[in-house]
Structures are given as C-alpha cells and as structure tokens.
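Student: Mind having a look at this structure? Questions to follow.
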Amino acid sequence: MQHGQPTLAADIFQRTGDNKALLKLYIDSARWEEALSMVEGQTEFQREVQSTYARWLAENDRFAEAQKAFHAAGCRDEALDVLEQLARNAVDEHRFREASHCYWLLGRQLLQWAAGEDENSFSRQSLLERYAKLERLADIYYIYHNVHRYIEEPFTAFLPEALFHMARYLLHELSLPSGSYETVPSVSMVGVLYALCKQSSNLGAFGLARRCHERLAKMAVPPRFRESLALSALTVRAKPFTDAQDLLPVCYRCSATNPLLSSGHQCVRCGQNFVHSFATLEVLPLVEYTLANGISDEEAIAILEGDQKPRKNNTKKSEVLLPSFQTLNIEHEDDISEDTGLEDGSNLESPTLDREALSKLGPRDIVLCQRPAPLRHQFFRNVLPDVSVVSCSVCAKVFHSD
C-alpha cells in the first residue's frame, strides 16, 4: 500500500488468508462493494462496515445513500441526522419541495419509533411532539414551494384562487398572537404578503389587500417589489374596503361566514377546524367526527363497511354525543348532514359518533384518513355530497377528486 498498489496488496492478503488486513485494505481504498461482500452474513462485522460506509457517503455529500446505509447498519440516530442535514441543505438551496419531503420522511420515521414505545411513556410523547413539529414544517415548505415559484418565476401553473388560498394559509400559519411572524428558515413573509396582496387585488378581496399593504409598510421590502407594490397600493385605495363574498370561508359545521383574516384555521364562531384541500388549500365541506370512548379505529371501519354489527346500548336511540349536554339524534341517514348540534354558536369539541350512529352510515358517507400507528384515524363527514373528496392513503391528506 505504501507504493500505491492496493490490487497487489489485496492479492497478497488473499493468498496468506489475512482477512482482517484485507478488509481494512478494502475500507481504506473505498472499495465498498468488495468490503460489504466480504462481511456478508457476519452480523457483527457487517454492521461495522455498513456504518463506516454510511459515514463515507455522508462525508462525500451523498446524503440520500448515506441515510439508507445507516438504516441498513441499524444506526437510527445517525440516519435521522443525515436526513435532517438533507432537509437543511434543501432549505438553504431553496429546494422547498424536496425539503418538505425530507421533513415528511423524518416525521414518519419518528412515528415508527413511537409505535414501538409504551403507550403512556414519556419517550412516546416526546417522539409524537417532534413528529408534529416536523409534519408542520413539511406542510409549510410544501405550500411555500408554490408561492416562492410564483414570486421568482415569470409564469405559474396555478390559478389565482389557488395562490390566494396558499398565501392566506401561510399567513395564518406563521402569524403570532403578538402581531409578529414566526421565523421559518428561508420562508419570506414579505414574499407571502406580496403574493397575497397581488391575488387579493385580482380576486376582489380589497379589504384583505389593504391589510396586507399595511403590514408590508412596516417591513423591509426588496427593491424589486417596491414599484409594483406602490402601484398596487394606489389602486386598492380607490376600491371599497370590502372582500368578495365568494372568497369568505364558510364553516360547514355552524354555517358561519368567516373573515379572510382571523386568528387561525378555525371558525370564529364555533371553533371547528377548517379542512383544506392540500392541492389548492381551499376549504373543503368536511366536518370531523371523533369516535366514542371504547371504539377502536378497526371496529369503526368494520361497522361502516357492514362487516360487524354494533353492540347494543342501553339507550333507545343512537346519539352523536356533544359536550355541554347537547346531543344530535340520528333517526335516518341524512340527519348528520342536516344537523351539527350547534345552536348557540359556542365553542365545542368535535361531535362524537357511537356504534349505533356508525351503523347508520356507510363508507361513502365518511371520508376516512388512515394515519399510521400510533396516531388515530380521522373520520370526516362530507356535508356536500355533490363535492367529491378523496383522501391519500400515503400522506393522509384530503383533496378534491377532480
């Protein structure tokens, strides 16, 4: 090796049967195929060689391959570190769709680990909290990818309505109660507000456009946006301080019309979370229902599909249980879609379905989002059956089926 002849040295080690020296030679000369082949079937040495190979891949900026190699070696923490580095690199290089995918993969990996922990353990809770943060980051970068392309590129494949909903979603997601904005690496709030300003003006949401201009006036706007924003601000001042009615989000639980700018993704009247199509970010006509205590996801699906008869309850009729002693009686198939149990507009938790209520529904009445363990599945009622909604079995997001 001192004379730079690894092939000759390897031949000598093979002839003398010095396997340890031969393996070291393969590793030192980065002949990984031979090294991995040599330790195949030898668990102890195989793991050591695979982890060394994974580190070499990471050092040579081959992070995707390194992540897989760390997994093969059973080094889960190192595999996670490499994936995090991949995500950070993608963010720094403004490859937001790829960053979103990396954070999504990170979250799914944490879910797998959480599923192997005890149900009430601190480690499971900690993993689930980390998962929620990573899933949120994945969503933010997935949406911001489209907004960023609209800002930076001369053409976009998205309709004004879709860009409007995306920018508005990000504004609500990143706004803090103090009036400032959460800092997310490489996500420009100026860019988000700029996109929302432009599309609000295009679609007739002049009230929202004015508020966006007011916020931009307090921020350091890049020179390339200033002329366009100044002209837009003058145009908006000549318009009424109102928003187009067809843009105002409607709560499909209490039928309240919500303002375009509020404190978050919930109805201002009843507190119900809006459910967004993850392709265009418009609000879908879905109301989430939770299962009554003692009903597993598997049992609920079996009842919906008619494979299992519900257990008999002591009550004479089925109820969708609501807090504050309010109930939604189910007498026929359409009762759930016609009545949400809200009369006074107070903030309530999601309505709850018992076994009898589930038995009166079918798979077509419920939009089911099947999430990986240990998360529970989500059950949504489509209150406008003419609007076709589907869920993705991989990412557990919902979309218009068009």
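Plus 163 on top of the position in the sequence shown (first one is 1) and you've got the numbering used here. Glycine included, each C-beta is placed from N, C-alpha and C at the ideal position.
Grouping DSSP H, G and I as helix and E and B as strand, with all else coil, what is residue 458?
Tutor: Here residue 458 sits in coil by DSSP.
Student: Measuring straight from C-alpha to C-alpha, what distance separates residue 517 and residue 543?
Tutor: One C-alpha to the other measures close to 14 Å.
Student: Taking the continuous beta strand (DSSP E) assigned at residue 555, which residues delimit it?
Tutor: Element bounds for residue 555: n/a, residue is neither H nor E.
Student: Residues bridged to residue 544 by DSSP?
Tutor: For residue 544, which the question treats as bridged, DSSP gives the partners 450, 529.
Student: At what residue ranges does the region 381-432 contain a whole run of the alpha helix (DSSP H), taking only runs of 4 or more?
Tutor: Listed in chain order, they are 386-400.
Student: Would residue 373 be called buried (16 or more neighbouring beta carbons within 10 Å of its own) or exposed?
Tutor: Its Cβ being crowded by 16 or more others within 10 Å, residue 373 is buried.
Student: Can you tell me which of 513, 536, 380, 195 puts its alpha carbon nearest to the alpha carbon of residue 287?
Tutor: When only C-alpha atoms are compared, the closest one is 536.
Student: May I ask you to report which of helix, strand or coil DSSP gives residue 223?
Tutor: Coil, per DSSP.
Student: Do residue 238 and residue 263 have their beta-carbon atoms positioned less than 7 Å apart in this structure?
Tutor: Result no, Cβ atoms of residue 263 and residue 238 do not sit closer than 7 Å.
Student: Can you tell me which of the three DSSP states residue 376 falls into?
Tutor: Correct three-state label for residue 376: helix.
Student: Residue 443 by DSSP, collapsed to three states: which one?
Tutor: Coil, per DSSP.
Student: On the DSSP letters alone, give me the boundaries of the beta strand (DSSP E) that residue 562 sits inside.
Tutor: It spans 561-563 - the beta strand (DSSP E) in which residue 562 sits, taken as one unbroken run.
Student: Just to confirm the assignment, what range does the alpha helix (DSSP H) spanning residue 298 have?
Tutor: It spans 285-315 - the alpha helix (DSSP H) in which residue 298 sits, taken as one unbroken run.
Student: Start and end of the alpha helix (DSSP H) containing residue 239?
Tutor: Note, residue 239: alpha helix (DSSP H), 239-255.
Student: Throw me the rounded Cβ distance for the residue 265 and residue 278 pair, which I believe falls under 8 Å.
Tutor: Actually they are not in contact, since the Cβ atoms of residue 265 and residue 278 sit about 21 Å apart, beyond 8 Å.
Student: Just tell me which of 395, 390, 271 has its CA closest to the CA of residue 559.
Tutor: Of the candidates 395, 390, 271, the one whose C-alpha sits nearest the C-alpha of residue 559 is 271.
Student: Identify which residue in 331, 418, 211, 393 has its Cα closest to the Cα of residue 363.
Tutor: The shortest Cα separation from residue 363 among 331, 418, 211, 393 belongs to 331.
Student: With burial defined as no fewer than 16 other Cβ atoms inside 10 Å of the residue's Cβ, what is the status of residue 527: buried or exposed?
Tutor: The residue is exposed, with fewer than 16 neighbouring Cβ atoms inside 10 Å.
Student: Have a look at 408, 361, 367 and flag the residue whose alpha-carbon is nearest the alpha-carbon of residue 390.
Tutor: That would be 361, whose Cα lies nearest to the Cα of residue 390.
Student: Tell me whether residue 568 is buried or exposed, calling it buried when 16 or more other Cβ atoms sit within 10 Å of its Cβ.
Tutor: Examination of residue 568 is not possible in this model, given that the chain is present from 164 through 565 alone.
Student: Counting Cβ pairs closer than 8 Å, one from the region 348-355 and one from the region 309-319, do we hit at least three?
Tutor: A contact exists between the region 348-355 and the region 309-319.
Student: Among residues of its own chain, excluding the 5 on either side of residue 280, which ones have a beta-carbon nearer than 6 Å to its beta-carbon?
Tutor: Around residue 280: 286, 287.
Student: Between residue 356 and residue 379, which are expected to be in contact by the criterion C-beta below 8 Å, what is the C-beta distance as a whole number of angstroms?
Tutor: Their Cβ separation, rounded to whole angstroms, is 5 Å, which keeps residue 356 and residue 379 in contact under 8 Å.
Student: Can you tell which of 443, 298, 460 has its C-alpha closest to the C-alpha of residue 267?
Tutor: Nearest option by C-alpha distance: 298.
Student: Where residue 466 and residue 447 are concerned, what is the direct C-alpha to C-alpha distance, given to the nearest angstrom?
Tutor: For residue 466 and residue 447, the distance between alpha carbons rounds to 25 Å.
Student: Please report the distance separating the alpha-carbon of residue 345 from that of residue 426.
Tutor: So the two alpha carbons sit approximately 14 Å from each other.
Student: Under the three-state reduction of DSSP, which class applies to residue 277: helix, strand or coil?
Tutor: It is helical.
Student: Only counting the same chain, and skipping five residues up and downstream in sequence, which positions put a Cβ closer than 7 Å to that of residue 307?
Tutor: Contacts found: 259, 333, 350.
Student: With DSSP run on the structure shown, which of helix, strand or coil describes residue 368?
Tutor: In this structure, residue 368 counts as strand in the three-state DSSP scheme.
Student: For residue 377, is the classification buried or exposed, using 16 other Cβ atoms within 10 angstroms of its Cβ as the cut-off for buried?
Tutor: Under this definition residue 377 is an exposed residue.
Student: Would you give the residue range spanned by the alpha helix (DSSP H) that residue 437 belongs to?
Tutor: No alpha helix (DSSP H) contains residue 437, which DSSP labels as neither H nor E.
Student: Note the first and the last residue of the continuous alpha helix (DSSP H) segment covering residue 522.
Tutor: Counting along the chain, the alpha helix (DSSP H) containing residue 522 begins and ends at 518-522.
Student: Are the CB atoms of residue 564 and residue 553 nearer to each other than 7 Å?
Tutor: Yes.
Student: Near residue 444, which residues of its chain fall below 8 Å by C-beta distance, leaving aside the five closest residues on each side in sequence?
Tutor: Within the same chain, residue 444 has close Cβ partners 306, 325, 328, 329, 331, 332.
Student: For residue 357, which beta-bridge partners are listed by DSSP?
Tutor: Partner(s): none; residue 357 has no beta bridge.
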